[in-house]
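Report on one structure; see the data block that follows.
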Amino acid sequence: MELFPTIPLSQWQDSKETVHRFAQVVGKIRLASSVRRNHWWNVPYHLTGRGITTRPMALADGGGTFCIDFDFVDHRLVVCSSDGRRVSFPLTGQSVASFYRRTLDSLAAVGVPMSLPHPTPFDLPDTGRPFTEDTEHAAYDPFWVNRYWQVLSQVNLVLEEFAAGFCGKVSPVHHFWHTFDIAVTRFSDREIEQPRTVDPVTREAYSREVVSSGFWFGDDSFPRPAFYSYAAPEPAGLADCPLRPDAARWIERNGSHLAVLDYEEVRGGKDPWGTVLDFYESVYQPAARLAGWNIGGEASPGGITDPVAARGGG
Numbered sequence: 006m007e008l009f010p011t012i013p014l015s016q017w018q019d020s021k022e023t024v025h026r027f028a029q030v031v032g033k034i035r036l037a038s039s040v041r042r043n044h045w046w047n048v049p050y051h052l053t054g055r056g057i058t059t060r061p062m063a064l065a066d067g068g069g070t071f072c073i074d075f076d077f078v079d080h081r082l083v084v085c086s087s088d089g090r091r092v093s094f095p096l097t098g099q100s101v102a103s104f105y106r107r108t109l110d111s112l113a114a115v116g117v118p119m120s121l122p123h124p125t126p127f128d129l130p131d132t133g134r135p136f137t138e139d140t141e142h143a144a145y146d147p148f149w150v151n152r153y154w155q156v157l158s159q160v161n162l163v164l165e166e167f168a169a170g171f172c173g174k175v176s177p178v179h180h181f182w183h184t185f186d187i188a189v190t191r192f193s194d195r196e197i198e199q200p201r202t203v204d205p206v207t208r209e210a211y212s213r214e215v216v217s218s219g220f221w222f223g224d225d226s227f228p229r230p231a232f233y234s235y236a237a238p239e240p241a242g243l244a245d246c247p248l249r250p251d252a253a254r255w256i257e258r259n260g261s262h263l264a265v266l267d268y269e270e271v272r273g274g275k276d277p278w279g280t281v282l283d284f285y286e287s288v289y290q291p292a293a294r295l296a297g298w299n300i301g302g303e304a305s306p307g308g309i310t311d312p313v314a315a316r317g318g319g
């Protein structure tokens, strides 16, 4: 498989908008059926060898567990329960409305009755439209959806390697159904006071100081795939720090600065993997230094913190 194969937004935007809403339907099931974790770590998807998964969930009554997987190889949604029952249906040929109904029917078939308190998209242009009424979003190109999963899988491993170099508090590498990006976040223990007007999703996500690194597939405001990184809150002077490689740049977004590196700039280079890791490091190092983090004390080169192993002993 080619490393970082091309995935221009223009080639699959209609399919992306459909799959994004499919992911929000199942993501809201995950939100309603999982134990809440700090910074919403319970909510995003994790990667599998064939797609993405909710991981095991359970209803509040303590009954059996269940799991929902997107299979982007055979292009099916798979619903399984811990008693062995399994139901699947094709992702192709579905509108958001039919996908929503079939997902709830599949859950009922494995003994999991489900009713979502807010069965509408979150933070999308059609936020006010119930899933049951969305027959507009029905595009699904299996080639490009599989390509999305291939790219997601590769970026997941790059982020896992980057995450290994930090032994402080760090999130899992996870795929967000809110913004449809994949990211890993490093934290300090410094609490961040936010205005009461800030929404509860953002308040919990940024209740501590963070440096986050990730990748998105593009959207209307930034219509191309890109690697990104940022610090929140942003230390004074961060956007004046040079980035690597030269193609990377700072852009203003939502009142702060975001470091971006276009995917196409990376995939044509001699060492795409190393270039992305170096890009993330070129943001983390100055951000952590300007914020006063213990950079040396929280480093774990190669994922090793044992000083004996680090010296080659043991």
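Residue numbers (the numbering used here): 6 to 319. The beta carbon of each residue, even a glycine, is placed where N, CA and C say it ideally should be.
Tell me the DSSP secondary structure of residue i in three-state form.
{"i": "His179", "result": "strand"}
{"i": "Arg26", "result": "helix"}
{"i": "Ile309", "result": "coil"}
{"i": "Val281", "result": "helix"}
{"i": "Pro205", "result": "helix"}
{"i": "Leu248", "result": "coil"}
{"i": "Pro147", "result": "helix"}
{"i": "Arg272", "result": "helix"}
{"i": "Val117", "result": "coil"}
{"i": "Thr70", "result": "strand"}
{"i": "Glu141", "result": "coil"}
{"i": "Asp131", "result": "coil"}
{"i": "Glu239", "result": "coil"}
{"i": "Ser103", "result": "helix"}
{"i": "Arg294", "result": "helix"}
{"i": "Ser226", "result": "coil"}
{"i": "Thr125", "result": "coil"}
{"i": "Glu7", "result": "coil"}
{"i": "Arg316", "result": "coil"}
{"i": "Asn299", "result": "coil"}
{"i": "Asp19", "result": "helix"}
Should residue i and residue j be called a contact, given that it needs their Cβ atoms to be closer than 7 Å?
{"i": "Leu266", "j": "Phe232", "result": "yes"}
{"i": "Arg229", "j": "Leu14", "result": "yes"}
{"i": "Phe185", "j": "His51", "result": "no"}
{"i": "His44", "j": "Pro147", "result": "no"}
{"i": "Ala168", "j": "Asp139", "result": "no"}
{"i": "Val206", "j": "Phe136", "result": "no"}
{"i": "Ser100", "j": "Ala143", "result": "yes"}
{"i": "Asn320", "j": "Val175", "result": "Look at the range of the chain in this structure, 6 to 319, and you will see that residue 320 is not part of it."}
{"i": "Pro240", "j": "Leu8", "result": "no"}
{"i": "Ser193", "j": "Tyr285", "result": "no"}
{"i": "Ile187", "j": "Phe220", "result": "yes"}
{"i": "Ala264", "j": "Leu248", "result": "yes"}
{"i": "Phe127", "j": "Phe27", "result": "no"}
{"i": "Ala75", "j": "Asn151", "result": "Note on residue identity: the sequence assigns Phe, not Ala, to residue 75. The answer is no: Cβ separation not under 7 Å."}
{"i": "Gln199", "j": "Arg208", "result": "yes"}
{"i": "Leu129", "j": "Met119", "result": "no"}
Roughly how many angstroms lie between the CA atoms of residue i and residue j, to the nearest whole one?
{"i": "Tyr235", "j": "Gly32", "result": "25 Å"}
{"i": "Ser320", "j": "Leu64", "result": "There is simply no residue 320 to check, as the chain begins at 6 and stops at 319 in what is shown."}
{"i": "Asn299", "j": "Pro61", "result": "36 Å"}
{"i": "Thr280", "j": "Leu157", "result": "17 Å"}
{"i": "Glu141", "j": "Arg201", "result": "36 Å"}
{"i": "Pro124", "j": "Thr23", "result": "15 Å"}
{"i": "Arg213", "j": "Gly173", "result": "13 Å"}
{"i": "Gly116", "j": "Ser39", "result": "17 Å"}
{"i": "Val215", "j": "Ile73", "result": "30 Å"}
{"i": "Arg323", "j": "Val84", "result": "Any answer about residue 323 is impossible in this case: the structure gives the chain only from 6 up to 319."}
{"i": "Cys246", "j": "Asp19", "result": "37 Å"}
{"i": "Gly242", "j": "Leu295", "result": "8 Å"}
{"i": "Glu269", "j": "Thr11", "result": "7 Å"}
{"i": "Trp255", "j": "Ile57", "result": "31 Å"}
{"i": "Gly308", "j": "Arg107", "result": "43 Å"}
Spell out the partners DSSP gives residue i in its beta bridges.
{"i": "Gly219", "result": "Ala188 and Tyr233"}
{"i": "Pro200", "result": "Pro200 pairs with nothing; no bridge assigned."}
{"i": "Phe171", "result": "Ala304"}
{"i": "Ile256", "result": "Leu263"}
{"i": "Asp79", "result": "Answer by DSSP bridge pairing: none, since Asp79 is not bridged."}
{"i": "Ser93", "result": "Val83"}
{"i": "Arg213", "result": "Glu196"}
Hey, is residue i's beta-carbon within less than 7 Å of any beta-carbon in chain B?
{"i": "Ala264", "result": "Absent from the structure is chain B; it holds one protein chain and no more."}
Using a Cβ-based criterion (distance less than 6 Å to any ligand heavy atom), does residue i qualify as near the ligand FMN?
{"i": "Asn43", "result": "The model on display carries no ligand, and the ligand FMN is accordingly not part of it."}
Exercise. What residue ranges within the segment 30 to 64 form continuous beta strand (DSSP E) runs of no fewer than 3 residues, ordered along the chain?
Worked result: 56 to 58
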